[in-house]
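Below is one structure, written out as structure tokens, with a few remarks after it.
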């Protein structure tokens, strides 16, 4: 769910996490919500599940 530098920060260590703390305030919360709503809307999720089931059934 994290889009690096857009909706949060991906880090590999505690040191990296500490280094990005100052940048958290730069993440736009409204843009985060919009991104999640676009990627994970009910309609989108239903369509994705239907596609998966159709692929399984066609085998």
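In this note's numbering, the protein residues as written are 551 to 609. We put the beta carbon where it would ideally sit given N, CA and C, even for glycine. All of these numbers come straight from a predicted model, not from anything done at the bench.
Residue i - DSSP class collapsed to helix/strand/coil
| i | result |
| --- | --- |
| residue 516 | Residue 516 falls outside the range modelled here, since the chain spans only 551 to 609, and no answer is possible. |
Expected contact under 8 Å - CB spacing of residue i and residue j to nearest Å
| i | j | result |
| --- | --- | --- |
| residue 559 | residue 570 | 4 Å |
Beta-carbon proximity of residue i to residue j, cut-off 8 Å
| i | j | result |
| --- | --- | --- |
| residue 585 | residue 557 | yes |
In the stretch 556 to 607, which residue ranges form an unbroken alpha helix (DSSP H) of at least 4 residues, counting only runs that do not cross its ends?
Those alpha helix (DSSP H) runs which fall completely within the stretch 556 to 607 and span 4+ residues are 564 to 570, 579 to 589 and 592 to 607.
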